[in-house]
Amino acid sequence: MGAERSTADILNAAVQVRQAARSAARGAAGVDAVLAALSEVAEYDHASLARWDPLRERHTTLAGCYPADATAYIETRLHRDPVFAVLRDPNRGGVWLREVPWHLLAASPGFREVLRPLGIEGGVAQCLFAADGRYVGMLNLSTRRPRPAPDATRAAVTLLTEALAAAVALPHADEPAGRAAARPRRPGGLSPRELEVLAHLTTGRTNREIAERLYVTPRTVGTHIEHILAKLDLPNRAAAAARAVAWGITPSG
């Protein structure tokens, strides 16, 4: 595929990616078909779709074509790389390699030890989040030479993240795999604000400290925690924090 492809071509290819991702999420097709379809949206020499396992605290590659050492880095070390904090920000889209500040790349073992030896000069990394806010995995696409990414390609990669997240997501930790399709979009029926409070409980912060970060009153935080415990049928905030960790729910900052 070349940069001369039209916006219509790229968007039509993105539709094929979405369909492949939906089939993978239903178990009707493999995740490798998703990567194959993505090659028509964004050029790559190496690619991977990896699932985040919050209990084992590592990624697992579901489909990919990186060399073994690069795959091992993605699976076991990427989440501790200094650049990952930038990648993990749910408020931004994919991070394109050529736009990462040099000082961040210089601090990144992944760039120095893995990408640079492979001759990687371009590509994108995109963290994937489920609709309930859980971090569920990651897309990595790399090229060995600079290749311009058309605006349509950038937009398509961003817009496809929900479908890609569904394709790689694990079921909730307390739910049998066969019931994954039936679970609510938000765990335990929690509201978006309750999910934010739940995420902050994993840090051990007090109600006042959480309130300062969410720009609400400590009393409001206390009310949210009462609702969280009631909805999840948990005895205390420590149990709620443990549930959040099992679900992979952590603060974005």
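First residue of the sequence shown: 12, per my numbering; consecutive thereafter.
Beta carbons: idealized from backbone N, C-alpha and C, even for Gly.
Owing to the predicted nature of the structure, the values given are computational and were not obtained by experimental measurement.
Item	Value
Same chain, Cβ closer than 7 Å to A163, five either side skipped, listed in chain order	T18, I21, L22
Bridge-paired residues (DSSP) for L323	Residue 323 lies beyond the residue range present for the chain, which begins at 12 and ends at 264; the question has no answer from this structure.
V28 versus R230: straight-line alpha-carbon distance, rounded	46 Å
Contact under 8 Å by Cβ, L73 with L60	yes
8 Å CB neighbourhood of S34 in its chain, flanking five on each side removed	A40, A44
Cβ contact (3+ pairs, closer than 8 Å) linking the stretch 114-132 and the stretch 150-158	yes
Coil, strand or helix - R165 by DSSP	helix
Whole-angstrom distance between L201 and A142, CA atom to CA atom	12 Å
Buried versus exposed call for G215 [16 or more other C-beta atoms within 10 Å across all chains shown]	exposed
Closest residue to C138 among T172, R204, R67, L212 (Cα-Cα distance)	T172
Other residues of its chain near I236: CB distance less than 8 Å, five sequence neighbours each side excluded	V208, L212, N218, R248, A251
Where R155 sits in the DSSP three-state scheme	coil
Alpha carbon of L150 to alpha carbon of P65, nearest angstrom	17 Å
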